[in-house]
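Student: In this note's numbering, the protein residues as written are 7 to 296.
For glycine and all other residues, C-beta sits at the position ideal for the given N, C-alpha and C.
Handing you this structure, nothing more for now.
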C-alpha cells in the first residue's frame, strides 16, 4: 500500500481456497468453511480524490469485465456514504486476475477500495465496523480485507486465525471460461439436495503436517463445477499425473485449478507443457503470499 497526498495505490491479491466445505443451507444461502491463502498474482489499483466518480480500466482481462465495475462503484459509493464523504474518486484498475474464476478478484478489488478510501479520509469506524461493512459488499470481501492466510466460516463473516503455512510454489490454470458462482451452487443443490456437511477439525492443522492434513479435505463445489465446465476435470487430471505436483484442486467455485509444488522450477516446467498443449488456457506460476 502506498499513500501520497490525495492518491492511494494498492495491490489487490488473488486468493485460493485450499479446501472448501458446504455445511448446510439457510434461507437459500450456503454456510461454508474454508482455508484461504493469497498468491502473488494481483490487480493494481490507484485511487485519486477527484471532482466526480470515474473508473479507468486496463490490463489483460479488461475485456472480460461486466460486474467488476459494479462492485467497485458499489463499494466506493456505499463506503463513502458510511463515513460521510462524497464519492468523488478516480479509480485506475489494472486487471490482471481472471474474472469469474474462483480467485476472488472482484472481492479483492472491493477490499482494496475500502482500504484506500479509509486511508484517504478521517473517520471513526472501528475495524469491526469496517469488516461488517465489507460483508455487505460480498461474502469473500472480509477475507480479502484481512489479506493473509485465514480460516473463514459461516457466510464469510467468521474469520479464524490459522497456523503459519509452509512455503510452496504453485501454478494456476484457467480454461478462460467464466463460471458464475450462483450457477455452481444451483448445480450443487441439484446434485446434493440434502446437505449434511461435516466440519473439518481445524485444530489438527500445523505447518509440519500441512500436506497430509490438506489431502484429507476437498472442495465440495468441484463436482457441480466440472459438470458445467468439463475442462476443470481435465486440468486436475493433468496435474495429478505429475510426480512433482504435491496436490491439485479447484479454487472457490472455479474454474481455476491450482497445483502445489515445493520447487518453482517444476511448476514452470509444467506451465511450458500446458502452454504448448493448451494454448487457449491461461496459466501463471508463483508463490503464496506470506
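To the nearest angstrom, report how far apart residue 187 and residue 13 are at their CA atoms.
Tutor: Their backbone Cα atoms lie some 33 Å apart in a straight line.
Student: Report the option in 40, 95, 26, 46 whose CA atom is closest to the CA atom of residue 56.
Tutor: Comparing Cα positions, the closest option is 95.
Student: Run through DSSP, which three-state label would residue 190 get?
Tutor: In the structure shown, residue 190 sits in a helix (DSSP, three-state: H, G or I).
Student: For the ligand GDP, is there a heavy atom less than 7 Å away from the beta-carbon of residue 147?
Tutor: This structure lacks the ligand GDP; in fact it carries no ligand of any kind.
Student: What separation, rounded to the nearest whole angstrom, lies between the Cα atoms of residue 279 and residue 270?
Tutor: Those two C-alpha atoms are separated by around 15 Å.
Student: Rank 24, 19, 11, 15 by C-alpha distance to the C-alpha of residue 174 and give the top, closest one.
Tutor: Residue 174 has its Cα closest to that of 24, out of 24, 19, 11, 15.
Student: Touching or not, the region 124 to 137 and the region 100 to 116, by the rule of three or more beta carbon pairs under 8 Å?
Tutor: Flag = no, the region 124 to 137 and the region 100 to 116 do not touch.
Student: With burial defined as no fewer than 16 other Cβ atoms inside 10 Å of the residue's Cβ, what is the status of residue 121: buried or exposed?
Tutor: Residue 121 should be labelled buried.
Student: For residue 44, name the three-state secondary structure that DSSP assigns.
Tutor: Three-state result, residue 44: strand.
Student: Whether or not the region 190 to 198 and the region 289 to 296 are in contact is what I'm after, with contact meaning three or more pairs of Cβ atoms, one per stretch, closer than 8 Å; do they touch?
Tutor: Too few Cβ pairs lie closer than 8 Å, so no.
Student: Once you ignore the five residues that flank residue 216 on each side, which residues in its own chain have a CB closer than 7 Å to its CB?
Tutor: Around residue 216: 171, 172.
Student: Helix, strand or coil: how does DSSP classify residue 16 here?
Tutor: It is a strand residue.
Student: How close, in whole Å, do the beta carbons of residue 254 and residue 263 come, if the pair is a contact with beta carbons under 8 Å?
Tutor: Contact holds; Cβ gap of about 6 Å.
Student: I need the straight-line Cα distance from residue 281 to residue 64, nearest angstrom please.
Tutor: The straight-line gap from Cα to Cα measures roughly 24 Å.
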